[in-house]
Every structure is written in structure tokens, then in C-alpha cells.
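Everything below concerns the one structure shown next.
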Amino acid sequence: MERHFVLSTGAMMPSVGLATWQLDPAVVGDAVYAAVKAGYRHIDCAADYGNEKEVGLGLQKLFKEGVVRRQDLFITSKIWCDHHAQEDVPEALQQSLDDLQLDYLDLYLIHWPFKLKKGTGLSNPENYVTPDIPATWEAMEKLYDVGKARAIGVSNFSSKKLSDLLAIARVRPAVNQVECHPLWQQAKLHSFCQLTGVHLSAHAPLGSDGTAWGSCRVLEEPAIVAIAERFRKSPAQVALRWNIQMGHSVLPETETEERIRENLGVYDWCMADELVANFYMIRQADRGQVFVNPHSPYRTVEELWDGEI
0 MERHFVLSTG AMMPSVGLAT WQLDPAVVGD AVYAAVKAGY RHIDCAADYG NEKEVGLGLQ
60 KLFKEGVVRR QDLFITSKIW CDHHAQEDVP EALQQSLDDL QLDYLDLYLI HWPFKLKKGT
120 GLSNPENYVT PDIPATWEAM EKLYDVGKAR AIGVSNFSSK KLSDLLAIAR VRPAVNQVEC
180 HPLWQQAKLH SFCQLTGVHL SAHAPLGSDG TAWGSCRVLE EPAIVAIAER FRKSPAQVAL
240 RWNIQMGHSV LPETETEERI RENLGVYDWC MADELVANFY MIRQADRGQV FVNPHSPYRT
300 VEELWDGEI
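Under numbering that gives the first Met the number 0, think of the first position of the sequence shown as 0, with each following residue one higher.
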């Protein structure tokens with residue numbers, strides 16, 4: 000049940016993937032290896048995570064041992080904000096391919112709708128440059144044309160930003176990857192993505208521990224705990240199952256083999272519509288961002304999300 004979602008390109012995207020965000024380089028290769036052995040077929044990466052070389056080592060071990068072939072996996076990566084200039088986009092993708100030891104990506108995303116001076120970071124607000132998403136997207140389209148990225152998309156885009164991109168795109172974005180879980184349900188974005196045929200993929204589907212804006216206690220939410228007890232599932236499985244029933248793929252992050260297996264326990268059961276409706280009663284979290292500052296193109300959280308939180 001719902002083991003894959005079909006993208007606008009026709010590609011089959013696994014509904015559960017392993018997020019490599021916050022996984023230490025010393026353990027991420029083993030986590031990737033364990034996840035694929037357990038049945039995962041989607042690995043979510045990003046240049047900014049700082050561990051793509053180690054992910055690549057884990058992948059090569061799987062290929063050499065014959066556990067899977069390259070074509071059996073769906074590999075996602077993301078371009079970081081300091082490579083948004085058109086001339087820098089091919090370089091960024093090639094670096095990820097080299098680090099991952101791959102010839103192509105199944106999905107390549109614009110990580111955030113921000114632009115930084117090349118080689119700079121977030122710590123200095125003066126590093127921010129006015130973003131030019133159409134120009135960046137045009138360079139992404141060329142990577143799609145030559146097959147180095149078999150699908151392209153975005154991450155952390157509001158409905159408005161996604162709408163603006165759809166209005167000018169020659170190649171439509173296949174995916175918008177955003178934080179999404181029962182405490183931040185992204186209701187407006189969910190509806191917009193359904194309407195436009197853009198797949199919504201949920202990163203941090205169990206909450207965003209470790210971010211600058213704190214965490215929300217998804218696994219402690221009473222409504223989720225009650226459903227978990229009813230179905231004899233874990234709160235994590237309930238939260239993941241909710242996203243999948245909403246039509247979203249999920250990208251939980253873990254390095255623990257027990258949790259890796261637990262996160263796959265979402266296919267053999269289903270919540271009735273009336274139970275899913277109960278999730279709409281859960282109080283939604285407000286999400287601040289480290290990108291909001293006087294030098295950023297977005298001065299408030301409301302500007303960042305275009306009033307959608």
C-alpha cells in the first residue's frame with residue numbers, strides 16, 4: 000500500500016526514505032547500508048549536510064555486494080544557497096555526483112529560496128544576495144535536459160513562491176520538499192500541490208529537533224499517542240502514516256537500526272477517514288527561521304512563508 004508515489008515525470012518515488020540530515024559522517028554510511036538492507040529504496044541527501052562522500056561509500060558497498068543496483072534506488076540531493084548563480088549550478092551538481100560516486104540523481108532540489116555569495120555561509124547577514132529563482136531554475140532545467148538530474152524540484156517553498164516558479168518554468172518542478180507533520184500540516188501548501196500536480200515530500204516528519212527554531216513535540220502529542228495505543232503502533236509510525244495517507248512521501252532521519260526498521264512499519268495498516276480528520280484539531284506550531292534578519296530578503300517569518308503559517 001502506497002509504497003511509491005508517481006511524480007509528474009512518471010518516475011516512481013518511494014514513499015519512505017532515509018534522511019541523512021544531521022547524520023554524522025562517521026555513521027551515515029552505515030545508516031545508509033542498514034536502511035537499504037532493511038528495505039529502503041530512497042536516500043535523501045544534500046550538499047549542505049556535509050556527508051555526501053560518506054553516503055557514497057555506503058552506496059558503493061551496497062552495489063559491490065550486490066544488495067541493490069543503482070537503478071533500484073532513488074537518490075535525492077539539493078543545491079545549497081551559495082551556488083544559485085547560473086554558472087555555479089552545474090558545478091554544484093557535479094560535486095554531489097562525485098561525492099556520491101554516481102552518474103545521475105533521481106531528484107535534484109533547490110534547497111532554500113535564498114541566495115548567498117559563493118563560498119559564504121549564513122553566519123554573516125551581509126552574505127545574503129537577492130535571489131533570482133528563475134535564473135537558478137533555468138540552469139536546473141539544463142541539468143534535467145542532459146539527464147544528470149532525472150527530476151528537478153524545490154524545497155522549503157511556500158505556495159506563492161511555488162506558484163511564481165510554475166508560471167515561468169519550462170520544466171515543471173516535480174517535488175516540493177518541506178517540513179510537514181501533524182503539528183505543522185502545511186494545509187494550504189498541501190492543497191496547492193495537489194491542485195498543480197507537484198508532489199509534497201515531508202522532511203522532518205517527526206519534528207525538527209536540532210534546528211535553530213527548536214523542536215515541536217510530535218511524538219508526545221496526545222492525539223497521536225492515543226491512536227498509537229489503539230493500533231498498537233509507535234507514535235512515530237502514526238505520524239508517518241498520517242503523512243502518507245495525506246499523499247506525502249516521508250523522510251525520517253535516524254541512524255539506529257531499530258528505528259530504521261520501525262519507520263517502515265507504515266504499510267500494513269490504515270487509519271479511517273474520521274481518525275485522520277482528528278488531526279485537523281491539533282494545534283499548529285509556529286516556525287521561525289534562521290534566515291530571517293535585517294539583511295535577508297525576508298524580514299519576518301510571515302514574509303518567508305508568505306503568510307502561510
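A virtual CB, placed ideally from N, CA and C, is assigned to each residue, including glycine.
### Task
Flag this pair as yes or no: are the beta carbons of A235 and L188 separated by less than 7 Å?
No, the Cβ-Cβ distance between A235 and L188 is not below 7 Å.
### Task
Work out the CA separation of Q193 and D305 for me, nearest whole Å.
In this structure, the alpha-carbon of D305 lies about 19 Å from that of Q193.
### Task
Round the Cβ separation of G16 and S233 to the nearest angstrom and send it over; I've been treating them as touching at under 8 Å.
About 18 Å separates the CB atoms of G16 and S233; that is not less than 8 Å, and the two are not in contact.
### Query
From T210 to Q185, what does the alpha carbon distance come to, in whole angstroms?
With a pLDDT of only 48 at T210, under 50, the local geometry of the prediction cannot be trusted, and the value read off the model is given with reservation. Cα to Cα, the separation comes out at about 18 Å.
#### Entry: Backbone secondary structure at K63 - three-state DSSP
In this structure, K63 counts as helix in the three-state DSSP scheme.
### Task
Please classify S162: is it buried, with 16 or more other beta-carbons within 10 angstroms of its beta-carbon, or exposed?
Around the beta-carbon of S162, fewer than 16 other beta-carbon atoms lie within 10 Å, marking it exposed.
#### Entry: Range covered by the alpha helix (DSSP H) that runs through D267
Neither: D267 is in no alpha helix (DSSP H) and is coded neither H nor E.
### Task
Tell me where the alpha helix (DSSP H) around V224 begins and ends.
221–230 is the extent of the alpha helix (DSSP H) around V224.
### Query
Using 7 Å as the limit for Cβ to Cβ distance, is D97 near chain C?
The chain labelled as chain C is not found in the depicted structure, where only one protein chain is given.
### Message
Taking its Cβ as the centre, do 16 or more other Cβ atoms sit within 10 Å of D81, making it buried, or is it exposed?
### Response
Burial call: buried.
### Query
Taking the alpha-carbon positions, what's the M11 to H202 distance?
M11 and H202: Cα-Cα distance of roughly 18 Å.
### Query
Do you know how far the Cα of K147 is from the Cα of P251?
When the Cα atoms are used, P251 and K147 turn out to be separated by approximately 26 Å.
### Query
Ordered along the chain, which non-local residues of its own chain (more than five positions away) have a Cβ less than 6 Å from that of P133?
Spatial neighbours of P133 in its own chain (CB-CB distance under 6 Å, excluding positions within 5 residues in sequence) are listed in chain order as I167.
### Query
Of the residues L104, L106, K77, which one's Cα is nearest the Cα of F113?
Nearest in C-alpha terms to F113, of all of L104, L106, K77, is K77.
### Query
Excluding sequence positions up to five away, which residues of its chain have a Cβ less than 7 Å from the Cβ of K159?
Answer for K159: D305, listed in chain order.
### Message
Less than 7 Å between the C-beta atoms of D98 and G55, yes or no?
### Response
Against a cut-off of 7 Å, the Cβ pair of G55 and D98 comes out as a contact.
### Check whether A150 and T8 have beta carbons under 7 Å apart
Yes, the Cβ-Cβ distance between A150 and T8 is below 7 Å.
### Task
Determine the extent of the alpha helix (DSSP H) in which P13 is found, giving its start and end residues.
Segment 11–13 is the beta strand (DSSP E) holding P13; no alpha helix (DSSP H) there.
### Query
Helix, strand or coil: how does DSSP classify W136 here?
It is helical.
### Task
Between the Cα of R240 and those of R229, T255, R258, L263, spot the shortest distance and give me the residue it belongs to.
Taking only the C-alpha atoms, the option nearest R240 is L263.
#### Entry: S162: first and last residue of the uninterrupted alpha helix (DSSP H) it sits in
Start and end: 158–167.
### Query
Can you list, in chain order, the residues of its chain whose CB lies under 7 Å from that of P221, leaving out five sequence neighbours each side?
If we look at P221 and ignore the five residues flanking it on each side, it has no Cβ neighbours.
### Task
Check whether the Cβ atoms of H207 and E178 sit closer than 7 Å, and answer yes or no.
Per the sequence shown, the amino acid found at residue 207 is Ser instead of His. Yes.
#### Entry: Any alpha helix (DSSP H) of 4 or more consecutive residues that is wholly inside the stretch 28–104
Restricted to the stretch 28–104, the alpha helix (DSSP H) segments that are unbroken, complete and at least 4 residues in length are 51–63, 88–99, listed in chain order.
### Message
Let me check understanding here. Comparing Cα to Cα, which of I74, R282, E261, R2 lies closest to R102?
### Response
The residue you asked about is not Arg; residue 102 is Asp in the sequence shown. Scanning I74, R282, E261, R2 for the CA closest to the CA of D102 turns up I74.
### Task
Decide if the stretch 85–94 is in contact with the stretch 123–141; the criterion is three or more beta carbon pairs, one per stretch, under 8 Å apart.
These segments touch.
### Task
Starting from S154, follow the beta strand (DSSP E) in both directions and report where the run begins and ends.
That run of the beta strand (DSSP E) goes 151–154.
### Reduced DSSP secondary structure (H/G/I, E/B, other) of V197
V197 carries a coil assignment under DSSP once its states are collapsed to helix, strand and coil.
### Query
Across which residues does DSSP place G16 in a beta bridge pair?
Beta-bridge analysis with DSSP links G16 to no other residue.
### Query
Taking Cβ positions, are G152 and V174 nearer each other than 7 Å?
Closer than 7 Å, so yes.
### Message
Taking the straight line between their C-alpha atoms, what separation do you get for P181 and I226?
### Response
Distance between the alpha carbons of P181 and I226: 13 Å.
### Task
Determine the extent of the beta strand (DSSP E) in which L108 is found, giving its start and end residues.
Segment 106–109, the beta strand (DSSP E) holding L108.
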